[in-house]
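Number of protein chains: 2
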Amino acid sequence: PAKSWGKGLEALREAKKVGEDDPRKIVHSFKVGLALTLVSLFYYYRPLYDGFGVNAMWAVLTVVVVSEFSVGATLGKGINRMLATSLAGALAVGAHHISTLWGGEVGEPILIAFFVFVVAAIVTFMRFFPALKARYDYGLLVFILTFCLVSVSGYRDTQVLDMAHKRLSTIAIGSCTPIMVCIFICPVWIGADLHNLVAGNMEKLGDFIEGFGFEYFHIKESELSSSDTQSSLQGYKSVLSSKSLEETMANLARWEPGHGGFKFCHPWEKYLNVGALTRQCAYKIEALNTCLNTEIQAPAEIRSKIQEPCTNICSESGKALKELAAALKKMTRASSANPHIEYSKAAAERLKLLLKRGIWDDVNLLETIPSAAVASLLLEVVACVEKIAEAVHE
Amino acid sequence: PAKSWGKGLEALREAKKVGEDDPRKIVHSFKVGLALTLVSLFYYYRPLYDGFGVNAMWAVLTVVVVSEFSVGATLGKGINRMLATSLAGALAVGAHHISTLWGGEVGEPILIAFFVFVVAAIVTFMRFFPALKARYDYGLLVFILTFCLVSVSGYRDTQVLDMAHKRLSTIAIGSCTPIMVCIFICPVWIGADLHNLVAGNMEKLGDFIEGFGFEYFHIKESELSSSDTQSSLQGYKSVLSSKSLEETMANLARWEPGHGGFKFCHPWEKYLNVGALTRQCAYKIEALNTCLNTEIQAPAEIRSKIQEPCTNICSESGKALKELAAALKKMTRASSANPHIEYSKAAAERLKLLLKRGIWDDVNLLETIPSAAVASLLLEVVACVEKIAEAVHE
Chain U
1 PAKSWGKGLE ALREAKKVGE DDPRKIVHSF KVGLALTLVS LFYYYRPLYD GFGVNAMWAV
61 LTVVVVSEFS VGATLGKGIN RMLATSLAGA LAVGAHHIST LWGGEVGEPI LIAFFVFVVA
121 AIVTFMRFFP ALKARYDYGL LVFILTFCLV SVSGYRDTQV LDMAHKRLST IAIGSCTPIM
181 VCIFICPVWI GADLHNLVAG NMEKLGDFIE GFGFEYFHIK ESELSSSDTQ SSLQGYKSVL
241 SSKSLEETMA NLARWEPGHG GFKFCHPWEK YLNVGALTRQ CAYKIEALNT CLNTEIQAPA
301 EIRSKIQEPC TNICSESGKA LKELAAALKK MTRASSANPH IEYSKAAAER LKLLLKRGIW
361 DDVNLLETIP SAAVASLLLE VVACVEKIAE AVHE
Chain L
395 PAKSWGKGLE ALREAKKVGE DDPRKIVHSF KVGLALTLVS LFYYYRPLYD GFGVNAMWAV
455 LTVVVVSEFS VGATLGKGIN RMLATSLAGA LAVGAHHIST LWGGEVGEPI LIAFFVFVVA
515 AIVTFMRFFP ALKARYDYGL LVFILTFCLV SVSGYRDTQV LDMAHKRLST IAIGSCTPIM
575 VCIFICPVWI GADLHNLVAG NMEKLGDFIE GFGFEYFHIK ESELSSSDTQ SSLQGYKSVL
635 SSKSLEETMA NLARWEPGHG GFKFCHPWEK YLNVGALTRQ CAYKIEALNT CLNTEIQAPA
695 EIRSKIQEPC TNICSESGKA LKELAAALKK MTRASSANPH IEYSKAAAER LKLLLKRGIW
755 DDVNLLETIP SAAVASLLLE VVACVEKIAE AVHE
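So the sequences go chain by chain: U and L.
Numbering-wise, the first sequence is residues 1 to 394 according to the working numbering.
Numbering-wise, the second sequence is residues 395 to 788 according to the working numbering.
Structure follows, in structure tokens:
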């Protein structure tokens, strides 16, 4: 009993954490409850029930399945479901007619079984096509489902047309309820989330680069403790594996209508470009981070020779990234980042000159170079990000 | 018409490509068709139909939803669906009893609506818990669904217990059919796929490192053209973003029973460790790749001074990675990789000595160092991978 008590307490703590991380998740839970309660009115209100009868449960089922966290996902699933149901229903009614006309007493179930087998196999295979999988996977699933249900039920129930029609209308009601609830009560726009994710990722990189300069040259920042900055430096790690998340979000965002500053056909794929470049930059930063944590560290006098241009590069390109992120967030031109980029370029030139002159003639070369080399690579990436950011802002 | 003809041709070409990439996908499509045809026997065979009536469609629905490509995913969905249906069914029958006992004529629908709202909200929120989301997301969805259907239908249909029981048995039949088909006809074990993916990723990195030595020092390999090696060098890119794929696969693999060389409780999370270390290594390789493609290239005489140890490191650590991958694939001890690792360590020591002596006294330092530095970093990672590979082989 003490153990299960402890487990319950742990679950509550977990719940609190999830809720605090994103309060919209709590709101979403209530929205699902509301949509379900609305749709269950079908059962309570007699005239509606008399019209649809047992089919009303399709509406309940649809609400549960279609209710997703973001507007994009809900809309995508709802539209997929409605389209697929109407197409498959029409096709199934056709298949039913053919098999009753041609099949006769014995042939009918065989013909229907054949149709079911062929349609299920073909549509299942189509689900593997990457282009269809990205946007219509759920629709294809519902297509198989409706086709089988309607054509197979037709063998026992001769009112196929009526059944297909009832199924379509209950599913339409079941799809529209969560879509309405989702859009009109505290909507969660996944497009806006993607926008913030991409901007936030750039900001994280900016944070790292700024912090890196101080950390690498052991410059103590005012009252911040070392462990504080260390943890702030690790924020970029999530950027490394953000690819699949961004792609899913961009696919869902395409379903969303215009909202806030975004139009209906907002160029979401440009965010993927920016995201890819940000990730490129994150890989360099991963390399920088290794230089920070490796055991072989250069003596302080070697570092101090390149300290001035390096810290300049770090702080300036960090600021540039942050400015770009802020501009992306506000959807304005990123002109305020330009001077920072210029400064960082100038610092890189100075660093190159320093290295060409050969300032460490008879010391161990092994240690200080990586950071300098990576810093100059970083610079190219920053320039690149700037170009794409401007492309997005057009 | 010519345009739609072209589109149809394109779709056929796409289908051929998908089928050639993985013929198991074609087999899977037929398996789904077969499972559906089997289950539709319910409708044709009268005694069965008389028993379940219209509820038989739950079996059809379940087959469509549960049929997944891999055994792990099918088992996971099927078990989730059956467990959730029985739990939620029991709870819903209880809720129905309470509301008929306490509610009376007016209060009953209100009480049921209240229960539905509360259960839907709580379970929807639980779906956000990361631990539950990973393995039981589908079960929680089905839980909401069954609870709502049974408790709400109970308002019109007084045979709640009978309905819940029929629903459970049709869903059990609907889940077991695709599970049987999935396991006994050309099974696709996602655990084996994960195993091959992790080993394949190590192999890709090995390929890159081996090829890198030749490419960087402009050593022409026999008859291979430069573009051929270039494309083989790009194979590692997919490793960079393999994290979420590996995690999904490991989650699904936990559902699978023992098969081939894998036991039921195979330590799948160790593959995630190996995968994470492989990715670490891939980040270094991304940095190496930048050195290959950057505009600033060192003159040949500078390179030639470090050529011997560098090519040694490349070929030896490349071989070591490939041996490790092969050993992982065959699930044997990776002892054959050890000499390669020793050789590459020795080569790294020679390289370090060379750099300490300062062989390029008055030349531009900027260019050749990154590759040497990264190669030595790489070495640490190889040693690390070896340790984990051995841990897996225990």
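Note that CB positions come from ideal geometry on N, CA and C, so glycine has one too.
Contacts of residue i in chain U (Cβ-Cβ under 9 Å)
i        : result
L/Thr431 : Ala113, Phe114, Val116, Phe117, Ala120
L/Gly427 : Val116, Phe117, Val118, Val119, Ala120, Ala121, Ile122, Thr124
L/Leu535 : Val64, Val65
Residue i classed as buried or exposed, judged by whether at least 16 other C-beta atoms fall within 10 angstroms
i        : result
U/Arg13  : exposed
U/Leu396 : Only positions 1 to 394 of chain U appear in this structure, which leaves residue 396 of chain U out of reach.
U/Leu35  : The question names Leu, but residue 35 of chain U is Ala in the sequence shown. With 16 or more Cβ atoms within 10 Å of its Cβ, U/Ala35 is classed as buried.
U/Ser225 : Residue placement at U/Ser225 is flagged as unreliable, the pLDDT there being 49, under the threshold of 50; a coordinate-derived value is accordingly withheld.
U/Met57  : buried
L/Lys716 : buried
L/Ser461 : buried
L/Pro417 : exposed
L/Gly400 : exposed
L/Glu414 : exposed
L/Lys397 : exposed
L/Phe522 : buried
L/Glu617 : At L/Glu617, the pLDDT of 45 sits below 50, so the modelled position is not reliable; the number obtained from the coordinates is stated separately. When all chains shown are included, L/Glu617 counts as exposed.
U/Leu168 : buried
L/Thr431 : buried
U/Val118 : exposed
U/Val142 : buried
L/Glu663 : exposed
Top-ranked residue by Cα proximity to residue i, from the options
i        : options                                : result
L/Thr456 : L/Lys637, L/Ala507, L/Asn590, L/Asn474 : L/Asn474
U/Val123 : U/Thr146, U/Gly103, U/Leu101, U/Trp102 : U/Thr146
U/Lys329 : U/Gly200, U/Pro339, U/Gly275, U/Phe214 : U/Gly200
U/Lys17  : L/Phe519, L/His653, L/Val668           : L/Phe519
L/Pro651 : L/Lys664, L/Cys542, L/Ser464           : L/Ser464
L/Leu646 : L/Glu597, L/Ala681, L/Leu682, L/Leu588 : L/Leu588
U/Gly33  : U/Pro309, U/Tyr216, U/Glu246, U/Val181 : U/Val181
L/Asn590 : L/Val668, L/Phe578, L/Cys659, L/Lys560 : L/Val668
L/Cys542 : L/Ala528, L/Tyr532, L/Ala514           : L/Ala514
U/Val150 : U/Ala131, U/Asp137, U/Tyr138, U/His97  : U/His97
L/Leu686 : L/Pro661, L/Ala721, L/His660, L/Phe608 : L/Phe608
Residue i beta carbon near the ligand NAP (any heavy atom closer than 7 Å)
i       : result
U/Tyr43 : Judged by which ligands are present, the structure shown has none, so any question about the ligand NAP falls away.
Expected contact under 8 Å - CB spacing of residue i and residue j to nearest Å
i        : j        : result
L/Tyr549 : L/Glu499 : Contact doesn't hold; Cβ gap of about 12 Å is too wide.
L/Ile506 : L/Ala489 : 7 Å
L/Val592 : L/Thr494 : Not really, about 56 Å apart at Cβ, beyond 8 Å.
U/Ala73  : U/Ile144 : So it is not a contact: roughly 21 Å between Cβ atoms.
U/Ile313 : U/Ser344 : 5 Å
U/Val60  : U/Ser40  : 6 Å
U/Val160 : U/Val93  : 6 Å
U/Ile179 : U/Gly260 : Actually they are not in contact, since the Cβ atoms of U/Ile179 and U/Gly260 sit about 18 Å apart, beyond 8 Å.
U/Trp255 : U/Leu75  : 4 Å
U/Tyr271 : U/Ala250 : 6 Å
L/Phe611 : L/Thr705 : 6 Å
U/Ala325 : U/Met202 : 4 Å
Chain L residues whose Cβ lies nearer than 8 Å to that of residue i
i       : result
U/Ser40 : Ile506, Ala507, Val510, Cys542, Val546
U/Leu61 : Leu539, Leu543
Cross-chain neighbours of residue i in chain U, by beta carbon under 8 Å
i        : result
L/Ala741 : The contacting residues do not exist; L/Ala741 stays about 15 Å from chain U at best.
L/Lys631 : Correct list: empty, because the minimum Cβ distance to chain U is about 11 Å.
Listed by chain order, chain L residues near residue i by CB distance under 7 Å
i        : result
U/Met57  : Leu543, Ser547
U/Pro178 : Near U/Pro178 there are no residues of chain L at all, since even the closest Cβ is about 11 Å away, more than 7 Å.
U/Phe30  : Ala515
U/Glu14  : Phe523
U/Lys7   : Residues of chain L passing the Cβ test: none, with the nearest at roughly 12 Å.
Within chain U, the residues that residue i reaches when beta carbons sit closer than 7 Å
i        : result
L/Ile420 : Phe125
L/Ile538 : Val64
L/Pro503 : Tyr44
L/Val412 : Phe128, Phe129
L/Lys637 : Ser241
Contact set between residue i and chain L, taken where Cβ atoms lie within less than 9 Å
i        : result
U/Glu286 : Gln674, Tyr677, Lys678, Glu680, Ala681
Item to complete: Tell me, please, whether the region 196 to 209 of chain U touches the region 313 to 327 of chain U by the rule of three or more beta-carbon pairs shorter than 8 Å.
Response: yes
Worksheet item: Per the contact definition of three or more C-beta pairs closer than 8 Å, is the region 166 to 186 of chain U in contact with the region 81 to 89 of chain U?
Response: yes
Item to complete: Could you tell me whether the region 239 to 248 of chain U touches the region 269 to 289 of chain U, using the rule of 3 or more Cβ pairs below 8 Å?
Response: yes
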